[in-house]
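Under the numbering used here, the first residue of the sequence shown carries the number 127, and numbering increases by one thereafter.
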Amino acid sequence: MSRVFITGGGGFLGAAVVRRLLARGDDVVALARSDAAAGTLQALAAGAAGSLTIARGGVTGAAALHAAVEGADLALHVAGVYRIGIKPSARAAMFEANVEGTRAVLDAAAAARVSRIVYVSTVGVFGNTHGQVVDELYERPDRDFLSYYDATKYLAHTFAAERAAAGAPIIIVQPGAIYGPGDHSELGQQIERARRGRYPVRMFPALGETMSYLDDVADGVLLAADKGVPGEAYVLGGEITRLGTVLDVVADLSGRRRARGTLPPAVIRAAAPLGKIIGPLVGVGPDLRETIRASDGVTYWASSEKAKRELGYAPRALSQGLCDLLGAAAPG
């Protein structure tokens with residue numbers, strides 16, 4: 127049994143990780159900024175083998191952060207903001223959460239002398255892999271960021287990697303595009319539209335994703351915490367595929383008609399001035415120009431072979447994961 131400090135425990139991935147920590151009997155201290163996050167965490171603790179302490183505060187609140195991480199054997203920094211195509215006015219908050227928050231959490235964990243730290247990054251820090259399936263040693267050839275999210279996660283990842291290289295006990299994990307129950311991201315919204323038969327026209331079907339099922343990634347985070355080597359990074363991905371394939375499979379499993387056509391990027395560009403109206407209707411952010419830049423012909427492909435080999439990570443196939451998500455019978 128360990129004392130574990132976690133950020134983002136009330137979020138999509140974080141809640142799945144907390145559920146596992148409590149099930150195995152760990153004493154969990156979870157940072158929660160909002161009442162909603164605290165409520166989610168309380169629900170997870172009901173009947174669990176481990177104990178839960180909720181520390182109210184945000185990732186950049188120094189006093190609450192330092193008090194919460196004190197005495198932890200393991201720190202998991204899962205919190206972050208993921209959105210593509212955000213308004214310029216939302217950039218400061220994203221920078222604070224993703225960059226300053228990472229810096230603050232790693233500083234607090236270092237001050238508390240936590241012996242193991244896991245930072246949740248993303249395969250997105252590799253940028254556009256241009257059709258290649260890359261691994262943890264890959265270095266993106268430029269800093270031509272595809273979105274503001276891309277820029278903030280790259281900066282945070284670089285900071286964590288530099289700390290690890292200097293001797294901090296940091297292990298980095300890099301999920302792909304996480305899907306699963308309770309996903310309210312742009313990807314989750316598009317999957318839900320396809321499930322309901324409300325996705326008549328494809329947008330960016332060639333967008334390349336490394337699909338990662340929620341439960342598999344949560345298992346991978348704990349495998350990295352238990353078995354990972356400080357200073358190393360591990361891709362926690364799954365099937366290499368494209369967005370159009372994902373949504374077609376969702377439609378097939380749901381008994382819905384597949385999208386009947388593809389919306390050309392040129393049409394989306396022409397509609398960019400109406401992004402505040404069109405974006406929410408099709409499940410993307412209001413800045414359509416950024417959405418196009420991050421999606422049109424881009425691949426975010428990375429291999430999980432290192433995590434499979436060294437950690438025992440075992441991601442499920444996309445068809446099985448989508449069946450699990452949709453409650454459909456597994457394909458024969």
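C-beta atoms are modelled at their ideal positions from N, C-alpha and C, and glycine is treated no differently.
- A straight-line Cα-Cα distance of about 9 Å links Phe271 and Tyr280.
- The count of Cβ pairs closer than 8 Å, one atom from the region 347-356 and one from the region 308-323, stays below three, leaving the stretches out of contact.
- Bounds of the alpha helix (DSSP H) holding Ile317 are Glu312 to Arg321.
- The C-beta distance from Ala156 to Leu167 rounds to 5 Å, short enough to fall under 8 Å.
- Here the C-alpha atom of Asp374 lies approximately 44 Å from the C-alpha atom of Leu191.
- In chain order, Gly206, Val207, Thr278, Lys279 and Ala282 place their CB closer than 7 Å to the CB of Asn224, counting only its own chain and leaving out the 5 sequence neighbours on each side.
- For Tyr245, the enclosing beta strand (DSSP E) has its first and last residue at Arg242 to Val246.
- Within 10 angstroms of the beta-carbon of Gly134 lie 16 or more other beta-carbons, which makes it buried.
- With fewer than 16 other beta carbons inside 10 angstroms of its own, Ala396 counts as exposed.
- Residues of the same chain with a CB within less than 7 Å of the CB of Ala344, apart from the 5 flanking positions on each side, are Leu139, Ala142, Val143 and Arg146 in chain order.
- Pro307 counts as exposed, since fewer than 16 other C-beta atoms from the protein chains shown sit within 10 angstroms of its C-beta.
- Apart from sequence neighbours up to five positions away, the residues of its chain that approach Val260 with a beta-carbon distance below 6 Å are Phe252 and Ala428, ordered along the chain.
- Per DSSP, the continuous alpha helix (DSSP H) segment holding Val195 begins and ends at Ala188 to Val195.
- Across the set Gly423, Ala193 and Val299, the C-alpha of Ala193 shows the shortest separation from the C-alpha of Thr179.
- In the DSSP assignment, Phe131 falls outside any alpha helix (DSSP H) and within the unbroken beta strand (DSSP E) covering Arg129 to Thr133.
- Cβ neighbours of Ser160 within its own chain (closer than 8 Å, five residues either side excluded): Gly136.
- Short of 7 Å from the beta carbon of Thr186, and not among the five residues preceding or following it, lie these beta carbons of its own chain, in chain order: Glu222, Glu226, Gly227 and Ala230.
- Between Glu262 and Leu444, the alpha-carbon positions lie close to 22 Å from each other.
- For Gln300, the enclosing beta strand (DSSP E) begins and ends at Ile296 to Pro301.
- In the three-state scheme derived from DSSP, where H, G and I count as helix and E and B as strand, Gly334 is classed as strand.
- Asp268 is classed as exposed because its beta carbon has fewer than 16 other beta carbons within 10 Å across all chains shown.
- Going by DSSP, Ala198 is part of no beta strand (DSSP E) at all; its letter is neither H nor E.
- Here Ile418 has Pro391, Ile394 and Arg395 as same chain residues with Cβ atoms under 7 Å from its own Cβ, once five neighbours each way along the sequence are excluded.
- The region 296-307 and the region 229-248 touch, with no fewer than 3 CB-CB distances between them shorter than 8 Å.
- The closest CA to that of Asp413, considering only Val240, Gly211 and Phe131, is found on Gly211.
- Rounded to whole angstroms, the separation of the alpha carbons of Gly334 and Gly165 is 35 Å.
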